[in-house]
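Undergrad: Just so you know, the protein sequences line up as chains A and B, in that order. Numbering follows my numbering, with no gaps: position 683 of the first sequence is 683. In my numbering, each residue carries its 1-based index in the second sequence increased by 1000. Got a structure for you, written out below as structure tokens; questions coming shortly.
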Amino acid sequence: MTAASSPATASKGGKTPKRGGAPKGAFNARQLWTSLPDALRKLSPRVLWHNPVMFIVEVGAALTTVLAIAQPFLGHQVSGGTSTSVAFTWWIAIWLWFTVLFATLAEAVAEGRGKAQAASLRTTRTTTSADRVVDYADDDPGALHAATTRIASADLTLGDVVVITAGDLIPGDGDIIWGVASVDESAITGESAPVVRESGGDRSAVTGGTRVLSDRIVVRITSKPGETFVDRMIRLVEGAARQKTPNEIALNILLAGLTIIFVVVILALGPVAGYADAAPTVPVLVALLVCLIPTTIGALLSAIGIAGMDRLVQRNVLAMSGRAVEAAGDVNTLLLDKTGTITYGNRQASEFLPLPGVGDDALVNAAALASLSDPTPEGSSVVALAKTLGHSPSSSVASESVPFTAQTRMSGIDLSDGTQIRKGAASAVSAWAGSEGAIDSAVASELDRIVQRISQSGGTPLAVATREPNGGARILGVIHLKDVVKTGLAERFADLRRMGIRTVMVTGDNPLTAKAIADEAGVDDVLAEATPEDKLALIRREQEGGKLVAMTGDGTNDAPALAQADVGVAMNTGTSAAKEAGNMVDLDSDPTKLIDIVAIGKQLLITRGALTTFSIANDVAKYFAIIPAMFVGVFPGLQALNIMQLHSPSSAILSAVIFNAIIIVILIPLALRGVRYRPSSASQLLGRNLLLYGLGGIIAPFIGIKLIDLLVALIPGF
Amino acid sequence: MEFWLFLAQLATVALLLAICHRPLGDYLAITFTSRRDLRVERGIYRIIGVDSKSEQSWQVYLRSVLAFSIVGVLIVYLLQRLQAWLPYSLGLPAVPQGLSFNTAISFVTNTNWQSYSPEATVGYTVQMAALTVQNFVSAAVGLAVAIALVRGFAAHRSGTIGNFWVDLMRGTLRVLLPLSVIFTLVLIAGGVIENLNAVHAVHTIAGATQNIPGGPVASQEAIKLIGNNGGGFFNANSAHPFENPTAWTNLVEVFLMLLVPFSLPRAFGRIVGDRRQGYAILAAMAVIFVVSLSLMTWAESAGGGAATQAAGGAMEGKEQRFGILGTTLFGTTSTLTSTGAVNAAHDSLTPLGGMMAMLNMMTGEVAPGGIGAGLYGILVMAVVAVFLAGLMVGRTPEYLRKHIGAREVKLASLYFLTTPTLILAGTALSFGVPGVVQSVEKTTIFNPGQHGFSEILYAFTSAGNNNGSAFGGISANTPWMNAALGCVMFLARFVPIVFVIALAGSLAAQEKSPVTTGTLPTHRPMFVGLLVGTILIITALTYFPVLALGPLAEGLH
């Protein structure tokens, strides 16, 4: 057990620092304007071809434009018994172009936000030089004697070994094979506190573009040039690596089906209406077609997908595939690591246990003094506990703090009078105290007993020792650091239960302790004394029953479980094996975020479904606008269907087309932000969304088209 | 008074169905899941070389359905062409080529569209050996396909969806045959004729000569209705007093049309292991049925014009013995199932009433729909509804614990694309292809104007949904109409069946996902509403423009 005050855990916290200059959830008109050039570029048929719905609109717009140009030479145009003017055709053509433009704009705006983030990431990718070890040999793991050559970081390949010293940029992704160093990873995580990276453990991975602040390390490069973590991040946030997710593909198929049906309807309408001498002109048919095919969702679909990934990036989570984001929405079981997720990663002092012959006050005072300059939550919790016991030592005495290092596994303080106080892992402290003379065996066994007891109860023992100026060292006692369950978790787990998601707490603790914490936190189940194999077996068992499992992990031994899980979130502090195995990486290394990831996955699906429903429901009103307008010249009785009392056939058709275009722009913010999502049961969610987007989708266009018609009626000639 | 009579009739049918759907639904479920064969079945399996214990993959099942049906078309075609040499042919000649083609497809596809006047075209042998046999087996095919889809939902990682030959045999021998025997007797008791007499010439008091036909009518009538076939023994179909003599038999006939389709949801619920799922489907069917019936009854009772008002309703083309209520109940039932039998001239319905008959078919006939076809039709729509709604609860959509992914959506989309495309294409080509337009306008349509258009639209809608009812008022026995309607009937029956069986295979291969509170519940009223809404919106969006040019243009003033 390492000392709990390892600064490597210092970055674990609930905050999500911002990186880059992209705005968070906000959406403003300026974004529309700056994305306009990209939107225009996307109008190219070669690009638009991938979106069949909008491609049809573009073809229709082009056709209508040609007809508008030709109309003066074609003579009088009668559509369904109503004559149409050149101006009408032009208006239709213009608004059809707007419809396509608004669609490409939505996508451009969504991509634009990612681009800003990519730009800030690119700055970390500046090429640097690296000291590559020539002929790295196992008998010289520190490469202290081996020769090095200086090469550009871009020339590094898989398996190269490089030496990095304090102040250097790490030239590429890799694993530390020798040494310990503190590393500034703020370029990627946005977190300014340095983290400790060391060889051999679960914290051996380093990321290219981050900076070594102290010590000297030897790193074996694990990524090919151009495929580093940062490269992948850039591709992800730019949307270049975006592939359509399974549900998106299915939805596209449904939209294509609906589009085909409406194309058939429109094609049939010509000859059928011709029988009654009510044949509509091509621009009118195109207008009807564009209004009927699901343009709203067709225009916003890719923006919704990009924005969903973007929402994850904004929370410092990188999803390696959109499939993973969707799977997150489908998860049935969450495997939550106790430490850091359910309890504060940093345990808190709960009691002071003096060794025989040591006064309470002596221990409390020493512990508090040793912790004064310890910035970690554990440290401050010791000071806080001491204060409640009436001890508030001040560091007014001239003193020098001794920070924690990965090698000593202790921290403490050297007072000006020469007294040294240390606290840390019992073994390390014993060794430190014992080095100045043998420790009394009775004290040692009592220390052992206390340490054992605390460990078994799931707590962390922290030994405290002093060394007088005269050289006499002694161990004072033990601080009991205990798990504290995070506040507010019980409610979140209840939310998850309402969503039908089971939570399982995974911990290395013994079953008794685990059960106590699980009950306090309100999780559904617990896997105690869990080994990585147990974890893997649990995931397999859940998946047997058709369930989808999500988990977090950081160690190399978590890698098989991460790979097996449907959603595996690797902590950025973890090993490269873990990061490779998972399908998401959390840059903040905050395991609680798994719950947010599930919410984002669900929100993504709901947004798609809601806008599809809205889009289809809209058609009802558009029919009532266009169909009577199309044929009322021949069949005046159809005026009865003009329930919106629209001004004229021309104004009715144009109003429907304008509404159809404008609704896309109106919904862009919703597509980017995602619809409001509150954890609740499927029934409640469906009821609410059906009411809002189904019924709302039927009613809204009646009002919208009527209002637009009032304006269109003012245009001369309508 | 009229309103109460209407309610009483509806309540009688509802009560009969409420009593019968349980035992029949359970019986259907047991029949199609049992491992035991009857002795007679074992004999037949030995003759045709089928191992009743071996299950088929969806591809093999599909090939069996198609092979059986295509052979059926050939047999019915040949028997008609050879009629002159067959016994009991009443001296009728061979049926012409085009008509034989149309009729063969019509009966094999369970459509029973009749481009001919039966009593003047087919003798007793063709009637019984060709047409009646198909009345049984085409219905059994529909039943088999529906059961295959239900098995797909019920299966867990299975490569097979049952054995078509076993399903066909059981549907015919254990379900349709016993039901027909029972209700033939009921109909005979009600006054429907059953004999092999030749045509009698009768001299009336006024001195005119009337030809009174005979025939095995009651036995034909029972399967015509139970199997949702609809092909009448006489041209007048169920308006003929020998087919449907009284208001009482009228009610029995309505009940027979609804019997199996309204019992299937219970069988479905039982097989998938959750009866509530079956009742949700049943509820959606019932809601559409009652709303549609009410609208048609309203249209016919309200009907415009002074004469109508004086008669108390639009009585033109209706039988006095049934009245408006007996007619709309029969008409709605016939067009919402795939029966297509009529007890009135649908051509004479008010424009809006006639539109309801068309709309009923345009829903894809899912409320309750044709035998088997109604169930698989509404289950495919449920898949579409679940996909839309499932996304809105934030999960990959699931129906009956099966994921609705790209493949399922693709098959469902193709399913609901097929029929409208065929109907609209057929109608548009009738008015769009130069040589055809003249034939349609000059020969086929008797009533020019929008009513004539409605008649053509009705014909293609009826063929495209394998209904078989006719608006009338047209001569469909022309080369174009026989060929076009024949093709539409064939494609509209078997192309969707391809997608349904493929869907069954795809669902069967999936594993079942667990049910949690995060799963969209598909047995609650909200889902019923969603399903009804999806069906209505997709129907309305597809057909609104053509309806506006037909019945709406005619009916709105």
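Just so it is clear, CB atoms sit at the ideal spot from N, CA and C, and this is done for glycine as well.
(1) Along the chain, which unbroken stretches of the alpha helix (DSSP H) at least 4 residues long are found entirely within the segment 220-301 of chain A?
(2) Identify the continuous beta strand (DSSP E) that holds A/K423 and give its terminal residues.
(3) Excluding sequence positions up to five away, which residues of its chain have a Cβ less than 6 Å from the Cβ of A/G704?
(4) Which ranges does the beta strand (DSSP E) cover as unbroken runs of at least 3 residues, wholly within the segment 574-648 of chain A, from first to last along the chain?
(5) Where does A/F352 fall in DSSP's three states?
(6) When you compare the segment 268-288 of chain A with the segment 557-565 of chain A, are there three or more beta-carbon pairs, one atom per stretch, that lie closer than 8 Å?
(7) Quick check on DSSP: helix, strand or coil for B/Q1056?
(8) Kindly indicate which residue of A/S214, A/A137, A/T207, A/A431 has the alpha-carbon position closest to the one of A/P225.
(9) Shorter than 7 Å from the beta carbon of A/I705 to some beta carbon of chain B?
(10) B/T1396 CB to nearest chain A CB: under 7 Å?
(11) Residues of chain B with a CB under 7 Å from the CB of A/M320: which are they?
(12) Report the CB separation of B/V1559 from B/R1401 in whole angstroms; it is logged as a contact under 8 Å.
(13) Could you tell me whether the Cβ of A/S681 comes closer than 7 Å to any Cβ of chain B?
(14) Could you check whether the segment 412-422 of chain A touches the segment 366-378 of chain A, counting it as contact only if at least three pairs of C-beta atoms, one from each stretch, sit closer than 8 Å?
(15) Going along chain A in order, which residues have a C-beta closer than 8 Å to the C-beta of B/F1499?
(16) Of the residues that make up the segment 494-517 of chain A, which ones have a beta carbon closer than 7 Å to any beta carbon in chain B?
(17) Which of the three DSSP states, helix, strand or coil, is assigned to A/P171?
(18) Could you tell me whether the Cβ of A/I643 comes closer than 7 Å to any Cβ of chain B?
(19) For B/K1512, tell me which candidate among A/K547, A/I699, A/P701, A/Q603 has the shortest Cα-Cα distance.
(20) Is there at least one Cβ from chain A nearer than 7 Å to B/P1514's Cβ?
(21) Which partner residues of A/E107 appear in the DSSP bridge assignment?
(22) What residues are listed by DSSP as bridge partners for A/L319?
(23) Could you name the residues of the same chain whose beta carbon sits closer than 8 Å to that of B/T1249, not counting the 5 residues immediately before and after it, in chain order?
(24) Can you tell me whether DSSP reads B/K1318 as helix, strand or coil?
(25) Leaving aside the five residues before and after A/S401 along the sequence, list all residues of the same chain whose C-beta is less than 6 Å from its C-beta, in chain order.
(26) Between A/G717, A/P669, A/S683, which has its C-alpha nearest A/N28's C-alpha?
(27) Report the three-state DSSP secondary structure of A/D709 (helix, strand or coil).
(28) Using a beta-carbon distance below 7 Å, is A/F614 in contact with chain B?
(29) Might you give, ordered along the chain, the residues of its own chain that have their beta carbon closer than 6 Å to the beta carbon of B/G1278, omitting 5 neighbours on each side?
(30) In terms of residues, what are the limits of the beta strand (DSSP E) holding A/H145?
(31) Check whether the Cβ atoms of A/I234 and A/S615 sit closer than 7 Å, and answer yes or no.
(32) For chain A, find out if any of its Cβ atoms is closer than 7 Å to the Cβ of B/G1473; answer yes or no.
(33) Within its chain, find whatever has a CB closer than 7 Å to the CB of B/M1361; leave out the 5 residues flanking it on each side and keep chain order.
(34) Can you give me the start and stop residues for the beta strand (DSSP E) that A/K482 sits inside?
(35) Would you kindly check if the distance between the Cβ of A/T89 and the Cβ of A/G633 is under 7 Å?
(36) Quick one: using the 10 Å Cβ neighbour count with 16 as the cut-off for buried, is B/E1221 buried or exposed?
TA: In short, the structure shows the following:
(1) Entirely contained in the segment 220-301 of chain A, the alpha helix (DSSP H) runs reaching 4 residues are, in chain order, 229-238, 246-275, 282-292.
(2) First-last of the beta strand (DSSP E) with A/K423: 420-424.
(3) Only residues of its own chain outside the window of five on either side were considered, and among them F659 have a CB closer than 6 Å to the CB of A/G704, listed in chain order.
(4) Inside the segment 574-648 of chain A, DSSP marks whole beta strand (DSSP E) runs of 3 or more residues at positions 584-586, from first to last along the chain.
(5) DSSP places A/F352 in the strand class (E or B) of the three-state scheme.
(6) The segment 557-565 of chain A and the segment 268-288 of chain A do not touch, with fewer than three beta-carbon pairs separated by less than 8 Å.
(7) DSSP, read as helix, strand or coil, puts B/Q1056 in coil.
(8) Each of A/S214, A/A137, A/T207, A/A431 was checked against the Cα of A/P225, and the nearest Cα belongs to A/T207.
(9) Taking Cβ atoms only, chain B never reaches closer than 7 Å to A/I705, which makes this a no.
(10) True, the Cβ-Cβ gap to chain A drops below 7 Å.
(11) Per Cβ cutoff of 7 Å: no residues; A/M320 is ~19 Å from chain B at best.
(12) What the structure shows of chain B is the stretch from 1001 to 1557, and residue 1559 of chain B is not part of that stretch, so it cannot be assessed.
(13) It does; some Cβ of chain B falls within 7 Å.
(14) With a cut-off of 8 Å on Cβ pairs, the segment 412-422 of chain A is in contact with the segment 366-378 of chain A, counting three or more such pairs.
(15) In chain order: nothing, as chain A lies at least about 11 Å away.
(16) Flagged, chain order: R498, M499, G500, I501.
(17) Residue state for A/P171 is assigned as coil, using DSSP reduced to three classes.
(18) By this cut-off, A/I643 is not an interface position.
(19) The shortest C-alpha separation from B/K1512 is found at A/K547.
(20) At least one chain A Cβ lies under 7 Å of B/P1514.
(21) Per DSSP, A/E107 has no beta-bridge partner at all.
(22) Per the sequence shown, the amino acid found at residue 319 of chain A is Ala instead of Leu. Per DSSP, the beta bridge partners of A/A319 are A/M584.
(23) Taken in chain order, the residues that qualify are L1187, G1190, G1191, V1192.
(24) Correct three-state label for B/K1318: strand.
(25) So the list reads S373, I413, once near-sequence residues are dropped.
(26) With respect to the C-alpha of A/N28, the residue from A/G717, A/P669, A/S683 having the closest C-alpha is A/P669.
(27) DSSP places A/D709 within a helical segment (H, G or I) once states are collapsed to three.
(28) It does not; no Cβ of chain B falls within 7 Å.
(29) Contacts found: P1265, R1266, F1268, G1269.
(30) Under the DSSP assignment, A/H145 falls outside any beta strand (DSSP E); it carries neither an H nor an E label.
(31) Taking the C-beta atoms as reference points, A/S615 is found no nearer than 7 Å to A/I234.
(32) No - not a single Cβ of chain A is within 7 Å of the one on B/G1473.
(33) Closer than 7 Å at Cβ, skipping near neighbours: T1335, T1461, S1462, N1465, N1467.
(34) Taken as a continuous stretch (DSSP letters only), the beta strand (DSSP E) holding A/K482 covers 473-482.
(35) No, Cβ-Cβ distance for A/G633 and A/T89 is not below 7 Å.
(36) By the 10 Å Cβ count, B/E1221 comes out buried.
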